[in-house]
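Novice: Count the sequence shown with the working numbering and you get residues 10 to 264, in order. The beta carbon of each residue, even a glycine, is placed where N, CA and C say it ideally should be. Model, not experiment: these values are computed from the prediction. Below is the structure I would like to discuss, written out as structure tokens.
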Amino acid sequence: MFRPCIDLHNGKVKQIVGGSLNEDAEEGPRENFVSERPSFWYAELYRRDALKGGHVIKLGPNNDAAAAEALKAWPGGLQIGGGITDENASQWLDHGASHVIVTSFVFRDGRLDLDRLASLKQAVGRERLVLDLSCRIRDGRYFVCTDRWQKFTDLEVNRETLELLSSHCAEFLVHAVDVEGLCQGIDLRIVELLSEACPIPATYAGGARSLEDLQKVTEVGRGRIDLTIGSALDIFGGNGVTYEEVVTYNREQAP
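In structure tokens:
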């Protein structure tokens with residue numbers, strides 16, 4: 010199934026090449042698309058078409074107001090990620106998020122911090138927590154990256170990790186950062202890994218460029234892995250697939 014997204018950077022809806030989100034770079038991130046429409050326009054669109062489970066991602070500061078507007082427009086229909094901690098997570102649920110998405114907070118010095126994870130789970134409950142295991146390849150293996158996908162952790166995305174963390178959250182969100190925003194095709198290897206080893210629902214994002222990619226993820230993922238399409242989608246300036254096509258696909262796949 011297709012899941013929508015609203016990526017926010019400096020208060021605007023954008024599509025960004027994932028690996029370029031380095032706050033220290035003088036030229037800033039590589040932008041595929043900057044929308045003239047506000048965040049709530051996209052949320053209202055997803056609400057109209059009953060697309061639940063999409064994610065609003067705050068890429069850095071100055072995005073709280075835009076994120077809150079999106080959640081208000083589709084209460085209970087969107088997840089929120091970016092700067093989520095055990096102290097502010099419940100506030101975002103109060104704003105209307107169905108789930109909070111967390112990466113960096115549950116890592117310390119590049120290592121998984123189970124105490125922080127437990128604190129977060131206590132704050133919002135397992136059933137409303139999504140762990141973002143967005144990853145990059147190093148030495149042929151996938152490792153979770155934090156801090157806008159710039160810092161490698163020592164946590165490998167494999168069967169052991171997925172089984173361990175599945176008892177702490179309701180879903181996983183996995184961006185394949187090395188292909189994110191490039192519209193050059195999905196990383197089928199990570200989709201296969203998720204399909205074979207993930208005991209809870211998961212959404213894959215990164216590189217999708219066509220309706221065929223959505224069909225492929227559905228097939229390889231045996232209907233257990235959802236897909237987010239960003240830069241290739243026409244509502245984000247892309248020409249690989251139209252929004253109406255993915256809405257129709259979801260309706261056809263619905264039980």
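Measure the alpha-carbon distance for residue 167 versus residue 204 and round it to whole angstroms.
Specialist: Residue numbering aside, residue 167 sits at position 158 when the sequence shown is read from its first letter. Residue numbering aside, residue 204 sits at position 195 when the sequence shown is read from its first letter. When rounded, the distance between both Cα atoms is 11 Å.
Novice: Pull up the distance between the alpha-carbon of residue 82 and that of residue 50, whole angstroms please.
Specialist: Here residue 82 corresponds to residue number 73 of the sequence shown, with the count starting at 1. Here residue 50 corresponds to residue number 41 of the sequence shown, with the count starting at 1. Between residue 82 and residue 50, the C-alpha separation is close to 8 Å.
Novice: Quick check: the Cα distance between residue 34 and residue 56, rounded to an integer number of angstroms?
Specialist: Translated into the one-based positions of the sequence shown, residue 34 becomes position 25. Translated into the one-based positions of the sequence shown, residue 56 becomes position 47. Note that residue 34 scores a pLDDT of 47, beneath 50, so its modelled location is shaky; the value from the coordinates is reported in the next line. Taking the straight line joining both Cα atoms gives about 36 Å.
Novice: Can you list, in chain order, the residues of its chain whose CB lies under 8 Å from that of residue 208, leaving out five sequence neighbours each side?
Specialist: If you number the sequence shown from 1, residue 208 lands on position 199. For residue 208, where only same-chain residues beyond five positions count, the Cβ hits under 8 Å are 171, 172, 175.
Novice: May I ask you to report which of helix, strand or coil DSSP gives residue 159?
Specialist: Working through the sequence shown from its first residue, we reach residue 159 at position 150. Note: residue 159 maps to coil in three-state DSSP.
Novice: Beta-carbon within less than 7 Å of residue 77's beta-carbon, same chain only, minus the 5 sequence neighbours each way: which residues are those?
Specialist: Mapped onto the sequence shown, residue 77 falls at position 68. If we look at residue 77 and ignore the five residues flanking it on each side, its Cβ neighbours are 104.
Novice: For residue 164, I'd like the list of residues in its chain whose CB is within less than 7 Å of its CB, leaving aside the five on either flank, ordered along the chain.
Specialist: Here residue 164 is taken as the residue at index 155 of the sequence shown, counted from 1. So the list reads 121, 152, 153, 170, once near-sequence residues are dropped.
Novice: Taking only three categories from DSSP, how would you classify residue 73?
Specialist: Numbered from 1 along the sequence shown, position 64 holds the residue referred to as residue 73. Residue state, collapsed to three classes: helix.
Novice: Is the CB-CB distance between residue 15 and residue 52 below 8 Å?
Specialist: Counting from one through the sequence shown, the residue named residue 15 turns up at place 6. Counting from one through the sequence shown, the residue named residue 52 turns up at place 43. Yes, they are a contact pair.
Novice: Expressed to the nearest angstrom, what Euclidean distance is found between the alpha-carbon atoms of residue 84 and residue 102?
Specialist: Taking the first residue of the sequence shown as 1, we reach residue 84 at position 75. Taking the first residue of the sequence shown as 1, we reach residue 102 at position 93. Between residue 84 and residue 102, the C-alpha separation is close to 9 Å.
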